[in-house]
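A.B. asks:
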Amino acid sequence: METLYDLLADLPPGASVETARTTYDADATRGTAFKTGNFLRTLGVREGVDVGVASVAEAKPVFAFLGAGLLGATVQFDPATGDELRAYVAPTADVEGLDLPAGGQRVAWGEKPGNPRIEYFERDVWSENPAFPPVSFDGDTALLDAGSTTYTHRDLLDAAERFEREHPGPVVVDADFVHPGTVVAVLAALRAGTALHLGTTPAADDADATVVSVTAENAVDPRYVDI
């Protein structure tokens with residue numbers, strides 16, 4: 000398994016993304032990630048460009064990360080500047096928080112934006128094709144820009160495999176995606192074919208869930224696996 004495409008194309012049937020409002024089973028998780036990639040492609044997202052995504056523990060940023068990664072783009076969570084971003088995906092109230100270069104595209108989720116120049120995630124992603132062609136890049140392609148370090152598809156998926164071995168149960172994310180280990184935990188849940196809880200708590204039968212907890216200072220739960 001080298002790329003996000005490999006992960007999603009063979010996503011285990013038990014994988015799910017669960018929020019307070021919606022549960023995406025494995026088919027919906029795969030289809031929504033593919034739809035997001037297809038939508039971002041229409042905005043000029045491709046291999047070698049950067050995409051900014053707001054760090055919020057809900058499904059939209061996860062799918063934005065997966066969709067951008069499927070195109071070979073590099074994702075920055077909560078980017079400090081929009082200078083090099085091809086697209087910025089964030090809640091509607093925050094989407095204009097960065098100055099983007101010429102051609103940069105803004106994508107809002109949540110409340111429908113009043114500005115017609117801002118794309119609307121809920122409308123535009125859901126209308127896309129849920130199929131996606133195999134990718135042409137390999138696992139050494141950059142995927143996550145964490146500031147001081149850039150991680151490739153292979154880096155993150157290898158770390159996710161290690162996390163899965165240590166913590167095979169469902170994963171509850173109460174964390175900041177800016178920290179690369181949080182992204183690893185997300186990928187580990189998908190890879191393991193288990194539930195990924197975002198902004199919600201697991202059911203009683205998921206009591207063994209690994210709680211990923213990262214503070215502003217990146218202090219971590221003792222069970223947390225870093226990379």
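Counting in numbering that gives the first Met the number 0, the sequence shown runs from 0 upward without gaps. Note that CB positions come from ideal geometry on N, CA and C, so glycine has one too.
1) Taking 8 Å as the threshold (C-beta atoms), are ALA191 and PRO201 in contact?
2) Taking the C-alpha atoms as reference points, what is the distance between VAL124 and ALA32?
3) Does the count of Cβ pairs from the segment 81 to 88 and the segment 13 to 25 closer than 8 Å reach three?
4) So the beta strand (DSSP E) VAL50 belongs to, where does it begin and stop?
5) First and last residue of the alpha helix (DSSP H) that includes ALA187?
6) When burial is assigned at 16 or more other CB atoms within 10 Å of the CB, is PRO133 buried or exposed?
7) Under 8 Å between the Cβ atoms of VAL172 and THR181?
8) Nearest-angstrom Cα distance between ASP93 and LEU10?
9) Return the CA-CA distance between GLY30 and ARG45, expressed in angstroms with no decimal places.
10) Give the range of the alpha helix (DSSP H) segment to which ARG153 is assigned.
11) Suppose the cutoff is 6 Å on Cβ atoms and the five residues either side in sequence are ignored; what does the same chain contact list for ARG105 look like?
12) Where DSSP assigns a beta bridge to ASP144, which residues make up the other side?
13) Which same chain residues, not among the five before or five after PHE38, have their C-beta less than 6 Å away from its C-beta?
14) Where ASP4 and ARG153 are concerned, what is the direct C-alpha to C-alpha distance, given to the nearest angstrom?
15) What span of residues does the beta strand (DSSP E) with PRO90 cover, start to end?
C.D. replies: Looking at the coordinates:
1) no
2) 9 Å
3) no
4) 49 to 52
5) 179 to 191
6) exposed
7) yes
8) 32 Å
9) 19 Å
10) 152 to 165
11) TYR87, VAL94 and ILE117
12) THR149
13) ASP123, VAL124 and GLU127
14) A quick correction: the sequence has Tyr, not Asp, at residue 4. The alpha-carbon atoms of TYR4 and ARG153 are separated by roughly 12 Å.
15) 84 to 90
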